[in-house]
Each structure stands twice: as C-alpha cells, then as structure tokens.
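Structure first, commentary second.
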Amino acid sequence: MAYPYSVTSTTALNARTGPSTTYPAAKSYPPGTTVRVVCQTPGPAVGGSPVWDKLSDGTYVTDRYVSTPSNTGYSRPLPLCTYPFQTTTGVAERTGPGTSFPAGAVLANGSLAWVYCQRAGSAVGTTSVWNRTENGRYVSDYYVSNASNTTYSKPVPRC
3 MAYPYSVTST TALNARTGPS TTYPAAKSYP PGTTVRVVCQ TPGPAVGGSP VWDKLSDGTY
63 VTDRYVSTPS NTGYSRPLPL CTYPFQTTTG VAERTGPGTS FPAGAVLANG SLAWVYCQRA
123 GSAVGTTSVW NRTENGRYVS DYYVSNASNT TYSKPVPRC
C-alpha cells in the first residue's frame, strides 16, 4: 500500500536509488508534487531528520521535505521498510548483535528473515555484520543469503 504525501521543500526534491544523499539521484520532484510513500527507513540525517521514505517506484527521499505527520521521526500509518533474506541454515534470533546475547526463536533453514537494518557485532564466520529483524531480534549475516558475507548489504541501512 502506498500513502500520498506532498513535497514540502522550496526547491526540487531529489529521489535517490538508496536511503542516503550518497546514492545517485534518479529523478526529482518539484515543490507541491504528490509522492506515494510505501515505507520508512533510517538513514543519514537531512535537516535534522534521520528518516527516509521509500516511494512506490523504489526510490528514496528524505522525510524532512515530505508532508508525513512527523518530519523528524517515523510516522504512522507508514510501516518500517524491511528486506527479505533467506536463511542458509537454522539460525537463532538473538536479543543483541552477538553470540553472547540470549537466543530466542530459531528461524528454520530456508525461511525468510525480514531485515530492518544492519549493525556491527561479534564475528561469526567471515563477518561481523548482524541483521536486525522486524521483531527487534538479531541474526548473523553469515547465515543469510545476500550479496556479501563479509560486509553490509545495500540498500539495507545501518542501525
């Protein structure tokens, strides 16, 4: 589902290929244009807002210049963006980004881990990257299929 909001900036707002000004601009929206937001995700702050809006075409704009209910934080009813990664083995979800944190539920081999963001934690195999899932738990990036088992995966933001 996409929610319509207006561009509130006084100049054209760049829509980017990822949630940061370091990603290339894909298009721009003039002030007053309606954009369709599907979810929100963290990213580098722009104008005091660390929130980025993912649009229905897959591009991202800073929430600072969009008429969502809050331009400095997350806005209901917009959901958080998540990214599906398939587990490569059974893996325990942990309360923090490391093997020293208590384990909770186990995701079965081949199930989806819906990842919200990534952060550094204790090393597992070839990586120190941990994925925070939509339920607030963590799984090691070593046990999910993605482009890299050694570093962060684009466009998943850092926690």
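Residue 3 is where the sequence shown starts when you use the working numbering, and the numbers rise one by one after that.
C-beta: ideal position from N, C-alpha, C; glycine also.
As the structure is a prediction and not an experimental result, all values here were calculated from the model.
Under the three-state reduction of DSSP output, D55 falls in the strand class.
DSSP lists no beta-bridge partner residue for F103. Only exposed fits G34, as fewer than 16 other CB atoms lie within 10 angstroms of its CB. Between V158 and Y76 a beta carbon distance of about 17 Å is seen, past the 8 Å cut, so the two are scored as non-contacting. Of the residues T97, Y144, A27, the one whose Cα lies closest to the Cα of T64 is A27. Annotation for C161: no beta strand (DSSP E) segment contains it, and DSSP assigns it neither H nor E. Remark: C-beta atoms of E95 and A107 approach each other more closely than 8 Å. Taking 3 residues as the shortest admissible run, the stretch 10-63 contains the following complete beta strand (DSSP E) segments, listed from N- to C-terminal end: 15-18, 27-31, 36-48, 51-57.
By the neighbour-count criterion, in which a residue is buried when 16 or more other Cβ atoms sit within 10 angstroms of its Cβ, N137 is exposed. According to the DSSP assignment, L114 belongs to the beta strand (DSSP E) that extends over 114-126. For S142, the enclosing beta strand (DSSP E) starts and ends at 140-142.
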